[in-house]
Amino acid sequence: MLDSNVTLTDLSHVVLNIRLFDINTTKEIVMSTNDAITMKALRCGVDNVAIEHCLDVVSTLDMVYHDVYKLLLKMIHLLLLGFEEEKEKVDHKRK
């Protein structure tokens, strides 16, 4: 991928396992050295505001969590529209 910023997301225990596997090894195999990879734990429908920027591409791999399909679609919908409304709700709750 050409100078990409890639954010890998999964449930927190999966992210920990991937970090233990060594993400740099994966990066060398999958992507060029000009790309940046970060990892975040993300629960669809719960942590929607954890992604701080809009994404150009959303891809799923081994989507085995059949109970979160609707939440994943909601998250993708928010990604496409931006999170301004969602962030306002969270900020309002914190006050």
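Residue numbers (the UniProt record's numbering): 1 to 95. The beta carbon of each residue, even a glycine, is placed where N, CA and C say it ideally should be. These numbers come from a predicted model, not from an experiment.
Nearest neighbour of Val-6, chosen from Lys-40, His-13 and Leu-79 [CA to CA]: Checking every option, the nearest Cα to that of Val-6 belongs to Lys-40.
Below-8 Å beta-carbon distance, Leu-81 vs any chain C residue: In summary, chain C is missing from the structure at hand, where a single protein chain is found.
Nonlocal neighbours in the same chain, by C-beta distance under 7 Å from Arg-19, ignoring five residues either side: The answer, listed in chain order, is Met-39.
Local Cβ density within 10 Å of Leu-80, reported as buried at 16 or more and exposed below that: By the 10 Å Cβ count, Leu-80 comes out exposed.
Beta bridge counterpart(s) of Leu-8 as assigned by DSSP: Paired residues: Met-39.
Nearest-angstrom Cα separation, counted from Asp-10 out to Leu-72: Leu-72 and Asp-10 have their C-alpha atoms spaced approximately 11 Å apart.
Cβ shell of Val-15 (< 8 Å), same chain only, five flanking positions each side left out: Take Val-15, set aside five residues on each side of it, and the residues of its chain with a beta-carbon closer than 8 Å to its own are Leu-8, Thr-9, Met-39, Lys-40 and Ala-41, in chain order.
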